[in-house]
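Visitor: Quick note: the sequence shown uses the working numbering, first residue 512, plus one each step.
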Amino acid sequence: VSSNPIVKYVNSRKILVSYLSARLTIDELEEYFSKFGIARIDCAVDTLNEKSLYFAYVTFNEVESCDSCINIGEHCIGGYHIFVRKVIRREDLKKAEQMERVRAVCEARIQEELQEEAGRRRRNLDKKLRANYSTELALLRPPPPPPPVAAPLRETAEQPPPSTSSWVPLLPNEQFQEDGASQLAGYGPQRQKQKQCSTFAGSVIHYFNFRRPFFQLIS
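#1: Less than 9 Å between the C-beta atoms of residue 587 and residue 581, yes or no?
#2: Note down the Cα distance separating residue 551 from residue 571, rounded to an integer number of angstroms.
#3: From the DSSP output, which residues share a beta bridge with residue 524?
#4: Based on the DSSP secondary-structure assignment, which residues constitute the bridge partners of residue 587?
#5: Check for me: the beta strand (DSSP E) holding residue 543 runs from which residue to which?
#6: Near residue 548, which residues of its chain fall below 7 Å by C-beta distance, leaving aside the five closest residues on each side in sequence?
#7: Could you give the C-beta distance for residue 523 and residue 597, rounded to a whole number, given that I count them as a contact under 8 Å?
#8: How is the beta strand (DSSP E) around residue 569 delimited, first residue to last?
#9: Which residue's Cα is closest to the Cα of residue 520: 535, 611, 638?
#10: Using DSSP with H/G/I as helix, E/B as strand and the rest coil, what is residue 529?
#11: In this structure, does DSSP put residue 652 in helix, strand or coil?
#12: Leaving out five residues on either side along the sequence, give the residues of the same chain with a beta carbon under 7 Å from the beta carbon of residue 539.
#13: Between which two residues does the alpha helix (DSSP H) harbouring residue 578 extend?
#14: Please list, in chain order, all residues of the same chain as residue 531 whose beta carbon is under 7 Å from its beta carbon, the five residues on each side excluded.
#15: Give the straight-line distance between the Cα atoms of residue 626 and residue 645, rounded to the nearest whole angstrom.
This is the structure in structure tokens:
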């Protein structure tokens, strides 16, 4: 019997059943293990006083029956929990350990070869890509020059030349000037025209200045 993890990869038809209760009988053990296949049960007994040692060996006719029994996590017979382990001969265990070491070495070597092969392929691919890049770069033509920049649009409509003729604004009439509207229109104060009238009265000449709404006599 071994607790080595390699045991699960070794074929066996025999198991060890321990922690058996004193109240369990061989008939109960045979009834329970017969569910996995045909089995033979050998209970361990002390040869001096012929008392049970509370463990037994169960041998199945098929390896599959033994594996199905081992794969169950817990075993309970008549309300009592029992412990089950696979029984491996010492020679078979040594052979299994040796095979495990060989398998580990082979896997490490295969992994190393795969990494080396991947590195070699990567280097070859890089070399090929560099060669292709150099060839394609030599075959490339320079790009065409960019098109000329379009000139800005000029204004087609030309401004008319300024007029050289002199002109004066039209002034309002006399009536509009006298009412003071010319000053309001922005033309400034206007000089009032005097209306003179001469009369002959002896040797004296009288001038009359007429202005609305009154008149002034100037002598």
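Glycine included, every Cβ here is placed at the ideal spot set by N, Cα and C.
Note that this is a predicted model, so its numbers are computed, not measured.
Guide: On the basis of the coordinates in this document:
#1: In the sequence shown, counting from the first residue as 1, residue 587 sits at position 76. In the sequence shown, counting from the first residue as 1, residue 581 sits at position 70. No, these two residues do not count as a Cβ contact at 9 Å.
#2: Indexing the sequence shown from 1 puts residue 551 at position 40. Indexing the sequence shown from 1 puts residue 571 at position 60. So the alpha carbons of these two residues sit roughly 6 Å apart.
#3: Taking the first residue of the sequence shown as 1, we reach residue 524 at position 13. None, per the DSSP bridge assignment.
#4: The sequence position of residue 587 within the sequence shown is 76, counting from 1. Per DSSP, 592.
#5: Sequence index remark: in the sequence shown, residue 543 carries index 32 (1-based). Note, residue 543: premise wrong, no beta strand (DSSP E); alpha helix (DSSP H) at 537-544.
#6: Here residue 548 corresponds to residue number 37 of the sequence shown, with the count starting at 1. For residue 548, where only same-chain residues beyond five positions count, the Cβ hits under 7 Å are 571, 572, 573, 576.
#7: Within the sequence shown, residue 523 is the residue found at index 12, counting from 1. Within the sequence shown, residue 597 is the residue found at index 86, counting from 1. Contact annotation, residue 523 with residue 597: C-beta distance approximately 5 Å; criterion of less than 8 Å satisfied.
#8: As a working note, residue 569 is residue 58 in the sequence shown. Here the beta strand (DSSP E) through residue 569 covers 563-571.
#9: The residue given as residue 520 occupies position 9 in the sequence shown. Residue 520 has its Cα closest to that of 611, out of 535, 611, 638.
#10: Taking the first residue of the sequence shown as 1, we reach residue 529 at position 18. Of the three classes helix, strand and coil, the one that applies to residue 529 here is strand, per DSSP.
#11: Within the sequence shown, the letter at position 141 stands for residue 652. In the structure shown, residue 652 sits in coil (DSSP, three-state: anything other than H, G, I, E or B).
#12: Locating residue 539 in the sequence shown gives position 28, where the first residue counts as 1. Result list for residue 539: 588, 589, in chain order.
#13: For the purposes of this step, residue 578 is taken as residue 67 along the sequence shown, with counting starting at 1. Per DSSP, residue 578 belongs to the alpha helix (DSSP H) from 574-581.
#14: Residue numbering aside, residue 531 sits at position 20 when the sequence shown is read from its first letter. If we look at residue 531 and ignore the five residues flanking it on each side, its Cβ neighbours are 565, 566, 567, 593.
#15: Indexing the sequence shown from 1 puts residue 626 at position 115. Indexing the sequence shown from 1 puts residue 645 at position 134. Their Cα atoms are separated by approximately 29 Å.
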